[in-house]
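This report refers to the structure that appears directly beneath it.
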Amino acid sequence: MTAVDTAVDMSTALGAAPIPSPVLTASGCSANGAELEPFVDLTAIGAVVTKSVQLRPRSGRPTPRMAETPSGMLNSIGLQGPGIDGLLADDLPWLAERGVRAFVSIAGTRVEDFAELAQRLRGVPGVLGLEVNISCPNVESRGEVFACDPVAASDVVSAVRAVADPAHPVYAKLSPDVTDIVSVARAVTDAGADGLSMINTLLGLVIDPDTMRPVLGGVTGGLSGPAIRPVALRCVWQVHRALPHVPILGMGGIRTGLDALQFVLAGASAVSVGTAVFHDPSAVARVHEELAVALAQRGFASLRDAVGFAHREAA
Amino acid sequence: MTPLTTPAPRAARPPVQRVVRVAGRRPVGDYVELTLAAPEIAERAEPGQFVAFAVGGPTSGLLLRRSIAIATARDGEVSVVVSAAGPGSTWLTERQVGDTVDVVGPLGRRYPMPPPGTPALVVGGGYGSAALLGLTAALRDAGSAVVAVVGAATAGRLCSVDDLGELAEVVVTTDDGSAGQRGWVTDAVARVIGRAGIVYACGPMGMLRAVAEQATAAGVPSYVAVEESMACGIGVCMTCVLPVVGEDGRTRFSRSCTEGPVFGGDRVRFADVGTLPWDVVGADAMGVVQP
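These protein sequences, in sequence, are chains W and D.
The opening residue of the first sequence carries number 1 in the working numbering; numbering runs sequentially from there.
The opening residue of the second sequence carries number 316 in the working numbering; numbering runs sequentially from there.
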């Protein structure tokens with residue numbers, strides 16, 4: 001490859017919070033960041049998006065929790081984690097001491113769970129903002145997933161926005177398993193979301209032909225990896241077209257800089273690299289470098305100039 | 316009952332990710348031994364640790380890493396024994412000298428060493444025996460007399476018998492009697508465990524459970540290296556968990572990659588693997604309560 005001037009301005013923002021790189025980890029795909037330290041300069045990436053935290057420690061589901069699928073995987077972890085006390089005591093201080101930005105994913109089964117988590121994260125050093133994982137069952141609505149109901153999703157987002165640190169952008173993470181993702185996107189932005197994380201995994205199933213039973217202990221699981229990239233890109237495209245001023249953190253099967261470029265061109269102002277980290281622990285830093293080269297090769301002086309560029313009128 | 320073991324300590328040095336050259340390849344029974352020119356991994360590796368391979372090349376649709384125990388690490392080279400089980404491991408066994416592979420390692424925690432001179436029993440099942448080579452050499456160097464019980468279903472699925480024979484007194488068992496004594500490793504273990512001050516094992520889960528139970532019943536500490544299905548090998552995917560009793564006596568879903576793969580044999584709740592017992596930390600938040 002010929003040398004390319006990669007002096008592209010890669011800075012961007014999550015809502016009003018500036019970040020030097022548009023490439024972040026993805027929630028649930030990099031634990032709480034420390035495990036990647038041998039492979040990536042965590043201070044140089046956009047942020048570590050921490051694994052969704054709930055109020056209490058969670059064991060997660062029994063094994064098997066994972067099945068490999070074509071260009072992807074199915075997982076059913078069950079949000080194993082230390083709970084908010086553990087996150088505040090151990091993980092967030094570890095990140096803050098190193099100057100690593102944390103975008104904290106919160107999850108719950110009641111509206112007030114989400115609000116309590118947002119409240120407890122107010123003013124915590126190193127916390128850049130909140131990603132609200134609304135792909136959880138709502139115990140007050142017979143287990144229907146918040147993200148699949150625009151009203152329930154809005155209730156969560158407005159409750160979080162009302163109590164969250166004013167300096168923390170609040171991003172709602174949308175599920176692709178809905179009939180009309182634009183209507184959910186519009187509802188949560190009307191409810192106060194500062195941005196949208198798109199997309200969460202798609203619900204899938206794998207059956208073992210030998211045992212003739214579902215492979216996963218949790219029966220169904222979330223499908224991720226390059227297999228879902230066209231679905232994710234379509235969602236970003238549709239929402240950016242309908243709501244061009246709403247910032248989007250794009251994700252779903254990003255493995256290379258050219259994959260990330262597609263999300264930026266579709267309307268994402270930042271991206272998360274998730275399942276690719278399992279394949280390549282240095283993927284987040286590599287995607288940043290490759291994206292910078294790809295933007296330079298196409299004559300962009302800044303990342304911001306490329307956001308939504310694929311929507312331009314035909315020449 | 317108070318466990319006889321203490322959890323294995325964290326590795327002294329962090330892992331590296333490198334694209335390395337295959338420096339050697341030879342069939343060993345039904346398996347393939349690959350030797351990698353990987354000096355930075357070799358100098359860091361400790362007995363019981365593993366490496367994680369990307370498989371299928373740069374455009375592969377197989378995204379998950381294949382985690383394989385390190386057999387030997389010396390002179391800038393790391394060797395592994397690969398069993399062609401599925402498309403990913405088959406791809407690995409097809410690598411030729413001069414090919415390159417993307418590998419991360421060394422990963423996980425090592426087998427803890429006993430007080431110098433403690434007589435040791437090492438037990439390997441199938442290709443798991445390869446993972447005992449570095450340990451057996453270290454035990455020998457520390458003055459331990461080592462007995463190795465090496466078993467497999469058939470002669471072709473035995474591994475590292477000759478290499479272990481240079482370091483230890485070796486007993487071979489096969490299920491079908493095609494090599495060594497007919498029977499299971501547990502039969503041989505029962506005969507020699509009285510001479511052991513510590514037991515180490517690597518192999519299939521059923522064998523690890525049986526050997527750990529034999530050791531614990533005999534009042535001997537045991538350490539097992541588990542082979543759990545892992546997506547990443549580095550501790551971020553949370554798929555490879557097992558119910559393991561910690562130093563505080565509480566059971567947690569512990570990652571086989573970063574908290575293992577070596578666990579105290581009396582700390583793994585083998586009978587509960589694949590279930591969520593109520594007394595696992597955080598089970599209450601999953602709706603599982605004390606009956």
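Each residue gets a CB set at the ideal place from its N, CA and C atoms; glycine is no exception.
Check your understanding: Taking contact to mean at least 3 C-beta pairs separated by less than 8 Å, is the stretch 316–331 of chain D in contact with the stretch 413–425 of chain D?
Key -> They touch, by the three-pair rule.
Check your understanding: Rounded to a whole number of angstroms, what is the C-alpha to C-alpha distance between PRO592 (chain D) and GLY60 (chain W)?
Key -> The residue you call residue 592 (chain D) lines up with position 277 of the second sequence. The residue you call residue 60 (chain W) lines up with position 60 of the first sequence. The straight-line gap separating the alpha-carbon atoms of PRO592 (chain D) and GLY60 (chain W) is approximately 11 Å.
Review point. Are LEU36 (chain W) and VAL551 (chain D) close, meaning C-beta to C-beta below 8 Å?
Key: Within the first sequence, the letter at position 36 stands for residue 36 (chain W). Within the second sequence, the letter at position 236 stands for residue 551 (chain D). Yes, Cβ-Cβ distance for LEU36 (chain W) and VAL551 (chain D) is below 8 Å.
Check your understanding: Contact between the stretch 571–584 of chain D and the stretch 530–549 of chain D: three or more CB pairs below 8 Å?
Key -> Contact between the stretch 571–584 of chain D and the stretch 530–549 of chain D is present, because at least three Cβ pairs lie under 8 Å.
**Study point:** Buried versus exposed call for MET212 (chain W) [16 or more other C-beta atoms within 10 Å across all chains shown]
**Key:** Here the question's residue 212 (chain W) lines up with position 212 in the first sequence. It is exposed - the Cβ of MET212 (chain W) has fewer than 16 other Cβ atoms within 10 Å.
Exercise for review: Keeping to the same chain, check which residues put their C-beta closer than 7 Å to that of LYS51 (chain W); ignore five residues upstream and five downstream.
Suggested key: Locating residue 51 (chain W) in the first sequence gives position 51, counting from the first residue. SER27, GLY28, ALA31, ASN32, GLY81 and SER105, listed in sequence order.
Point to revise | Secondary structure of ASP417 (chain D), DSSP reduced to three states | key: In the second sequence, counting from the first residue as 1, residue 417 (chain D) sits at position 102. In the three-state DSSP reduction, ASP417 (chain D) falls in the strand class (E or B).
Review point. Would a C-beta distance cut-off of 8 Å place ALA187 (chain W) and PRO214 (chain W) closer than the cut-off?
Key: Walking along the first sequence from the start, residue 187 (chain W) turns up at place 187. Walking along the first sequence from the start, residue 214 (chain W) turns up at place 214. Cβ atoms of ALA187 (chain W) and PRO214 (chain W): not closer than 8 Å.
Check your understanding: Is MET10 (chain W) buried or exposed, if buried means 16 or more other CB atoms sit within 10 Å of its CB?
Key -> Along the first sequence, one-based indexing puts residue 10 (chain W) at 10. Using a 10 angstroms sphere on the CB of MET10 (chain W), the tally of other CB atoms reaches 16 or more, which defines it as buried.
Review point. Three-state secondary structure (DSSP) at GLU37 (chain W)?
Key: The residue you call residue 37 (chain W) lines up with position 37 of the first sequence. Here GLU37 (chain W) sits in coil by DSSP.
Exercise for review: May I have the straight-line CA-CA distance separating GLY512 (chain D) from LEU407 (chain D), to the nearest angstrom?
Suggested key: Taking the first residue of the second sequence as 1, we reach residue 512 (chain D) at position 197. Taking the first residue of the second sequence as 1, we reach residue 407 (chain D) at position 92. The straight-line gap from Cα to Cα measures roughly 37 Å.
Exercise for review: Output the boundary residues of the alpha helix (DSSP H) element that contains LEU523 (chain D).
Suggested key: Stepping through the second sequence from its first residue, residue 523 (chain D) is reached at position 208. Element bounds for LEU523 (chain D): 520–532.
Review point. If we count the other Cβ atoms within 10 Å of its Cβ and call it buried at 16 or more, is HIS240 (chain W) buried or exposed?
Key: As a position in the first sequence, residue 240 (chain W) is number 240, starting the count at 1. Answer is buried; the Cβ neighbour count reaches 16.
Point to revise | Any 3 or more C-beta pairs closer than 8 Å across the stretch 511–530 of chain D and the stretch 486–494 of chain D | key: Taking 8 Å as the limit for Cβ pairs, the verdict is that the stretch 486–494 of chain D does not touch the stretch 511–530 of chain D.
Practice item. Taking GLY575 (chain D) as the query, report the chain W residues whose CB atoms sit under 9 Å from its CB, ordered along the chain. Key: In the second sequence, residue 575 (chain D) corresponds to position 260, counting from 1. Correct list: empty, because the minimum Cβ distance to chain W is about 13 Å.
Review point. If you draw a straight line from the alpha carbon of VAL132 (chain W) to that of VAL182 (chain W), how long is it in whole angstroms?
Key: To locate residue 132 (chain W), count along the first sequence from 1; it is residue 132. To locate residue 182 (chain W), count along the first sequence from 1; it is residue 182. The straight-line gap from Cα to Cα measures roughly 17 Å.
Point to revise | Alpha-carbon spacing of VAL163 (chain W) relative to ASP41 (chain W), whole angstroms | key: The residue you call residue 163 (chain W) lines up with position 163 of the first sequence. The residue you call residue 41 (chain W) lines up with position 41 of the first sequence. Approximately 32 Å between the Cα atoms of the pair.
Check your understanding: By the criterion of Cβ-Cβ separation under 8 Å, what are the contact partners of SER404 (chain D) in chain W?
Key -> Working through the second sequence from its first residue, we reach residue 404 (chain D) at position 89. Chain W residues near SER404 (chain D): none, gap ~12 Å exceeds 8 Å.
Check your understanding: Which term fits GLU562 (chain D), buried or exposed, when burial requires 16 or more other beta carbons within 10 angstroms of its beta carbon?
Key -> By one-based count along the second sequence, residue 562 (chain D) stands at place 247. When all chains shown are included, GLU562 (chain D) counts as exposed.
Exercise for review: Pull up the DSSP beta-bridge partners for ALA388 (chain D), would you.
Suggested key: By 1-based counting over the second sequence, the position of residue 388 (chain D) is 73. Per DSSP, the beta-bridge partners of ALA388 (chain D) are D:VAL393.
Check your understanding: When the Cα of ALA102 (chain W) is compared with those of W:ALA185, W:ALA314, W:PRO38 and W:GLY123, which residue comes out closest?
Key -> The residue you call residue 102 (chain W) lines up with position 102 of the first sequence. Per the Cα distances, W:GLY123.
Practice item. Can you pull the chain W residues whose beta carbon is under 9 Å from the beta carbon of LEU267 (chain D), in chain order? Key: Outside the displayed span of chain D (316 to 606) sits residue 267 (chain D), for which this structure offers no information.
Practice item. Name the two residues that bound the continuous beta strand (DSSP E) containing VAL170 (chain W). Key: The residue you call residue 170 (chain W) lines up with position 170 of the first sequence. Per DSSP, VAL170 (chain W) belongs to the beta strand (DSSP E) from 170–174.
Review point. For the 8 Å Cβ check, are there 3 or more pairs between the stretch 423–440 of chain D and the stretch 492–511 of chain D?
Key: A contact between stretches requires three or more CB pairs, one per stretch, nearer than 8 Å, and the stretch 423–440 of chain D meets this requirement with the stretch 492–511 of chain D.
Check your understanding: Which bits of chain W does PRO330 (chain D) rub up against, with CB to CB less than 7 Å?
Key -> Along the second sequence, one-based indexing puts residue 330 (chain D) at 15. For PRO330 (chain D), the C-beta contacts it makes with chain W under 7 Å involve PRO38, in order along the chain.
Exercise for review: Express the C-alpha separation of SER21 (chain W) and THR275 (chain W) in angstroms, rounding to a whole number.
Suggested key: Here residue 275 (chain W) refers to the residue found at position 275 of the first sequence. Here residue 21 (chain W) refers to the residue found at position 21 of the first sequence. In a straight line, the C-alpha of THR275 (chain W) is about 19 Å away from that of SER21 (chain W).
Exercise for review: Assign GLU481 (chain D) to one of two classes, buried (16 or more other C-beta atoms within 10 Å of its C-beta) or exposed (fewer than that).
Suggested key: Stepping through the second sequence from its first residue, residue 481 (chain D) is reached at position 166. Classified as exposed, GLU481 (chain D) has fewer than 16 neighbouring CB atoms from the shown chains inside 10 Å of its CB.
Check your understanding: How about GLY217 (chain W) and LEU202 (chain W): do their beta carbons lie closer than 8 Å?
Key -> Taking the first residue of the first sequence as 1, we reach residue 217 (chain W) at position 217. Taking the first residue of the first sequence as 1, we reach residue 202 (chain W) at position 202. No. Outside cutoff.
Point to revise | Range of the contiguous alpha helix (DSSP H) that encloses GLU358 (chain D) | key: Here residue 358 (chain D) refers to the residue found at position 43 of the second sequence. If you look at GLU358 (chain D), you'll find it in the alpha helix (DSSP H) that goes 354–359.
Check your understanding: Anyone know if the C-beta pair for VAL236 (chain W) and ALA268 (chain W) falls short of 8 Å?
Key -> Reading the first sequence from its first residue, position 236 is the one you call residue 236 (chain W). Reading the first sequence from its first residue, position 268 is the one you call residue 268 (chain W). Yes, Cβ-Cβ distance for VAL236 (chain W) and ALA268 (chain W) is below 8 Å.
**Study point:** Beta-carbon contacts of GLY83 (chain W) that lie in its chain and below 8 Å, excluding the five residues immediately before and after
**Key:** Stepping through the first sequence from its first residue, residue 83 (chain W) is reached at position 83. Sequence-distant partners of GLY83 (chain W) (beyond 5 residues in either direction) whose C-beta falls short of 8 Å from its own C-beta, in its chain, are VAL53, GLN54, LEU55, ARG56, PRO57 and ARG58.
Point to revise | Start and end residues, alpha helix (DSSP H) containing CYS235 (chain W) | key: Counting from 1 along the first sequence, the entry for residue 235 (chain W) is found at position 235. That run of the alpha helix (DSSP H) goes 229–242.
Check your understanding: What is the residue span of the alpha helix (DSSP H) that VAL163 (chain W) lies within?
Key -> Numbered from its first residue, the first sequence carries residue 163 (chain W) at position 163. First-last of the alpha helix (DSSP H) with VAL163 (chain W): 150–163.
Review point. Which residues in the same chain have their Cβ closer than 8 Å to the Cβ of LEU24 (chain W), if we skip the five residues on either side of it in sequence?
Key: The sequence position of residue 24 (chain W) within the first sequence is 24, counting from 1. Same-chain partners within the cutoff: ILE45, GLY46, ALA47, VAL48, VAL49, PHE103, LEU249, ALA270, VAL271, SER272, VAL273 and VAL284.
Exercise for review: Please work out which residues of its chain come closer than 8 Å, Cβ to Cβ, to VAL157 (chain W), disregarding the five sequence neighbours upstream and downstream, and give them in chain order.
Suggested key: Numbered from its first residue, the first sequence carries residue 157 (chain W) at position 157. Taken in chain order, the residues that qualify are VAL132, ILE134, VAL170, ALA172, VAL188, ALA191, GLY192 and ALA193.
Review point. For the putative contact between VAL583 (chain D) and LEU557 (chain D), defined by C-beta atoms under 8 Å, what is the C-beta separation to the nearest angstrom?
Key: For this step, residue 583 (chain D) is matched to residue 268 along the second sequence. For this step, residue 557 (chain D) is matched to residue 242 along the second sequence. Going by Cβ atoms, the distance from VAL583 (chain D) to LEU557 (chain D) rounds to 6 Å, so yes, they are a contact pair.
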